[in-house]
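Visitor: Here the working numbering is used: the first residue of the sequence shown is 126, the next is one more, and so on.
Take this structure, written in structure tokens, and hold onto it; I'll ask about it next.
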Amino acid sequence: MSPIKLFSLEAGRELAQRVAGALGEPLGAHEERDFTDGEHKLRPLEDVEGADVYLVQSLYTDPPGSPGGSVDDKLVRFLFFVAALRDAGAARITAVIPYLCYARKDRRTKLRDPLSSRYLACLLEAMGCDCVVTIDAHNQAAFENAFRCRTLHLPARPLFVDFALEVLAGESRQLVVVSPDVGGVKRAEAFRAELAERLGRDVGQAFVEKYRSGGQLSGGTLVGQVGDCCALVIDDLIAGGGTTGRAGAALARAGAARIIALASHGQFAGDALQQLGDSPLELVAVTDTLPQGGDGKLRVIECAPLLAEAIRRLHEGGPATELGL
């Protein structure tokens with residue numbers, strides 16, 4: 126078996142260290158040096174020839190004023206480091222990208238629209254990635270179809286089911302799982318079915334109508350019965366907070382007794398956290414695929430054990446695909 130090597134660039138080091146700790150492997154040393162003109166140099170400082178290498182880092186834009194930089198800067202650095210690993214003789218390179226950038230533009234909705242998710246796949250493959258792992262891509266089918274190399278799509282659903290069981294301990298009201306838009310109904314249904322099985326009780330379902338055009342949201346009609354119920358809103362991403370906030374308001378108007386939001390990735394752009402803090406939501410839970418503060422109503426669920434288990438199974442030859450079900 127090839128030796129395993131874990132790496133991360135500085136922007137993803139905190140999460141990668143938690144993954145390394147859960148896996149029981151050290152995080153590899155690397156050099157990351159910026160030049161005065163804004164260009165940069167990256168290279169592994171350890172021997173990777175013949176190794177099974179895993180590069181762990183989410184790709185996202187940091188909030189304004191923070192030193193982390195843009196998603197494009199992170200992406201270029203990531204691609205260059207993958208290529209450096211390949212040139213250094215790595216036997217296999219797996220890109221572990223818990224939050225995958227440019228995944229929302231995966232189909233054409235207007236004339237001459239780009240397919241950004243496919244372009245990203247081409248870049249990763251061209252640099253030498255043999256496998257790409259992510260958590261809850263915006264559209265799982267589009268993610269899997271964009272790549273020609275192996276992919277492993279990890280749902281955050283098991284993490285949220287465990288969290289819900291803890292939060293709902295002693296809850297006697299009817300439970301309802303809610304998708305904040307029609308596009309997320311399948312995700313919500315998978316969560317509802319697993320939650321119902323673990324609880325051994327019936328769990329209802331509902332969704333909120335939503336339309337988006339030119340960055341503007343409309344709609345808001347609730348389909349389903351939620352009166353005096355405990356509602357759990359499940360989504361893959363909270364960016365500006367508009368979709369989640371509208372769903373919470375619709376549920377409150379319909380008489381829901383408790384409203385809890387669960388999202389795989391929390392971007393919380395602008396004043397999203399403040400808006401959600403002022404909403405009828407009891408709490409908002411997200412994983413730590415993106416850096417989080419954990420203030421107010423926000424609860425953060427650790428994803429490192431899930432990523433570590435995926436890496437372990439990939440390295441040992443499986444079964445890794447079972448984690449994607």
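Even glycine gets a Cβ: it sits at the ideal position worked out from N, Cα and C.
As the structure is a computational prediction, the values presented were derived from the model and not from experiment.
(1) Determine the extent of the alpha helix (DSSP H) in which residue 432 is found, giving its start and end residues.
(2) Using the Cα positions of residue 398 and residue 361, report the straight-line distance between them to the nearest angstrom.
(3) Using the three-state DSSP reduction, which class does residue 266 fall into: helix, strand or coil?
(4) Using 8 Å as the cut-off, can you tell me whether the stretch 184–195 makes contact with the stretch 220–227, which would need three or more C-beta pairs spanning the two stretches below that distance?
(5) Nearest-angstrom Cα distance between residue 153 and residue 133?
(6) Ordered along the chain, which non-local residues of its own chain (more than five positions away) have a Cβ less than 7 Å from that of residue 296?
(7) Give a yes or no on whether the C-beta atoms belonging to residue 364 and residue 392 are separated by under 8 Å.
(8) Spatial neighbours of residue 204 within its chain, please: C-beta separation below 8 Å, excluding the five flanking residues on both sides.
(9) Considering only C-alpha positions, which residue in the set 243, 202 and 281 is nearest to residue 274?
(10) Hey, out of 326, 188 and 333, whose CA is closest to residue 309's CA?
(11) Can you list, in chain order, the residues of its chain with a C-beta nearer than 6 Å to that of residue 424? Leave out the 5 residues immediately preceding and following it.
(12) Return helix, strand or coil for residue 242, following the three-state DSSP convention.
(13) Return the first residue and the last residue of the beta strand (DSSP E) that residue 391 is part of.
(14) Note down, one range per segment and in chain order, each alpha helix (DSSP H) of at least 4 residues found wholly within the stretch 154–217.
(15) Output yes or no for whether 8 Å exceeds the beta carbon distance between residue 217 and residue 255.
(16) Return yes when the Cβ of residue 279 is within less than 8 Å of the Cβ of residue 450, no when it is not.
(17) When we look at the beta-carbon of residue 130 and count the other beta-carbons within 10 Å, is it buried (16 or more) or exposed?
Guide: Let me spell this out:
(1) Residues 429–441.
(2) Computed Cα separation, rounded: 16 Å.
(3) Three-state result, residue 266: helix.
(4) yes
(5) 8 Å
(6) 355
(7) yes
(8) 248, 249 and 252
(9) 243
(10) 333
(11) 408 and 410
(12) helix
(13) 383–391
(14) 196–212
(15) yes
(16) For residue 450 and residue 279, no; Cβs fall outside 8 Å.
(17) buried
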